[in-house]
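Using the numbering used here, you'd call the opening residue of the sequence shown number 1 and step up by one each time. Ideal placement from N, C-alpha and C gives every residue a C-beta, glycine not left out. This one's a predicted model, so the numbers in the text were calculated from it and none came from an experiment.
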Amino acid sequence: ELLRVTPAPGPVPGPESATGGAVHAGGTATSPSGATVQSAAPALVIEAPGLQSLVQDLGRPGLGDLGVSASGAADTASARQANRLVGNAPREAVIETLLGGLTVRARGSVVLALAGADTPARITAVPGSGATDRPAPPRAPFALHDGETLALDEPAAGLRTYLAVRGGLDVPAVLDSRSTDTMSGIGPEPLAPGTELPVRSDRGLAAVGTAEPALRRLPRVGEVTTLRVVPGPRQDWFGAAGLEVLGGQDWAVSTQSNRIGVRLEAPAGGVPLERVREGELSSEGAVAGALQVPPSGLPVLFLADHPVTGGYPVIGVVVPGDLPLAAQLPPGAGVRFELVTPLALVPAVHLDAAPSPGRGTADPTADPAEHSANPPRED
């Protein structure tokens with residue numbers, strides 16, 4: 001069933017929704033059956049969080065010198081897409097959920113969109129409402145009426161799904177962000193059954209996006225995905241042979257991976273990385289995309305919740321444009337690293353990225369990754 005909204009004080013029509021009719025800005029919702037639903041204080045209520053569901057926005061960039069990781073959505077490109085589809089600003093908070101299993105119920109009628117992992121989802125109508133159960137369209141805005149539930153299945157490809165609601169999620173900001181940092185505990189608690197997420201219905205309501213294609217082909221279990229890596233800054237700890245091992249074999253994504261980092265395992269018949277230098281490093285700054293190599297020789301690819309410092313040598317750094325793809329690697333997927341030079345990346349990065357507010361540094365959540373396409377490869 002289609003949501004048709006009469007806003008107050010005046011109508012601001014949006015384009016047709018993926019379910020076949022108009023979706024307009026907030027106010028009172030009227031279904032085709034003529035029933036009117038008040039949505040003055042809409043919210044999403046968590047029925048089941050799945051393995052892990054978190055509130056995320058584009059994070060806290062520029063606070064590393066204060067010991068605070070950027071955090072934010074692991075796949076920023078998909079979070080941006082979900083917000084764009086419902087007419088939100090890019091930095092509005094969304095729900096990031098891992099491997100499906102999330103079920104939410106609408107309190108008041110809302111407009112939602114899903115992006116990221118290829119995750120089938122289904123809407124269950126309220127019994128006796130006259131509406132019918134129906135699939136939720138991927139990468140397109142759709143209506144969830146008061147009392148209806150949206151349930152996400154296990155994704156067929158990818159790992160993390162992003163759910164945006166028109167108007168954004170109204171949760172308290174910490175250090176100018178609504179993101180949950182799983183390592184430090186900064187930000188909202190992980191979502192649990194019964195959690196209510198009010199909608200910031202006072203902003204982001206003027207437009208609704210149209211359906212969009214997938215940003216990239218998503219990684220799958222048993223397939224190999226290529227990520228570009230710039231060697232350094234501590235490649236000398238492994239020598240030329242170490243770089244050959246890094247780029248010459250397909251690594252496997254471990255089940256021990258999380259938002260802090262993707263843990264990698266050597267393939268059958270493969271070898272771990274070996275140091276050619278003795279001793280240990282003093283702790284030094286770390287960035288998202290860093291390939292830190294502990295004594296085991298099995299690299300860890302830092303993601304959004306990485307520590308701001310580390311003492312293990314970093315053999316290379318995955319380019320920012322490939323980090324959204326890295327964040328979608330499911331356990332059991334393969335990874336191959338393509339060694340590149342910074343000069344080769346000049347056309348692929350945004351050298352004029354806007355500075356972070358008040359910090360004077362480039363915002364790593366700007367768009368360099370949004371249209372990156374390194375398709376997985378079957379070997």
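Are the beta-carbon atoms of residue i and residue j separated by less than 9 Å?
i	j	result
P299	P219	no
P188	L54	yes
G239	V271	no
A164	L102	no
A48	L159	no
A82	L114	yes
A73	V94	yes
G116	A79	yes
V335	T255	no
G100	T195	no
R217	A157	yes
Which word fits residue i, buried or exposed, when buried means at least 16 other C-beta atoms lie within 10 angstroms of its C-beta?
i	result
D65	exposed
E274	exposed
E338	exposed
V221	exposed
Q56	buried
P267	exposed
E280	exposed
G130	exposed
P193	exposed
G185	exposed
Please report how far the alpha carbon of residue i lies from the alpha carbon of residue j, in whole angstroms.
i	j	result
S179	I315	29 Å
A214	E244	33 Å
P342	A286	18 Å
R105	G247	46 Å
L323	P127	43 Å
V253	G310	21 Å
E278	D118	45 Å
D181	V45	21 Å
P295	R166	47 Å
I260	M183	7 Å
S177	R139	25 Å
E284	L325	26 Å
T149	A41	17 Å
L351	L345	The predicted position of L351 is uncertain, since its pLDDT is 46 and thus under 50; no value can be drawn from it.
V229	L301	11 Å
P233	V262	19 Å
A77	G269	35 Å
S257	P231	22 Å
E212	E223	25 Å
L264	W251	6 Å
Y312	E96	29 Å
R60	R84	20 Å
G321	E92	21 Å
S282	T210	51 Å
Roughly how far, in whole angstroms, is the beta-carbon of residue i from the beta-carbon of residue j, given that I think they are within contact range, below 8 Å?
i	j	result
V340	V208	The pair is not a contact, with the Cβ atoms about 39 Å apart (cut-off 8 Å).
R107	D146	7 Å
Q52	P155	With a Cβ gap of about 14 Å, Q52 and P155 do not count as contacting.
G242	Q249	That pair is no contact at about 12 Å.
G200	L169	In the sequence on display, residue 200 carries Arg and not Gly. The Cβ separation is near 7 Å, so the contact holds.
V111	P141	5 Å
G62	L98	Their Cβ separation, rounded to whole angstroms, is 27 Å, which puts G62 and L98 out of contact at 8 Å.
A333	P198	About 36 Å; that fails the 8 Å criterion.
V276	W237	7 Å
Can you find a heavy atom of the ligand COA that lies under 8 Å from the Cβ of residue i?
i	result
G270	Absent from the structure shown: the ligand COA. Ligands present: none.
Quiz item: Would you call the stretch 284-294 and the stretch 310-325 touching, i.e. three or more CB-CB distances under 8 Å?
Solution: yes
Quiz prompt | Cβ contact check for the stretch 134-144 and the stretch 116-125: 3 or more pairs under 8 Å | solution = yes
Quiz item: Does the pairing of the stretch 60-77 with the stretch 301-314 give three or more beta-carbon distances under 8 Å?
Solution: By the Cβ criterion, the stretch 60-77 is in contact with the stretch 301-314, since at least three pairs of Cβ atoms, one from each stretch, lie closer than 8 Å.
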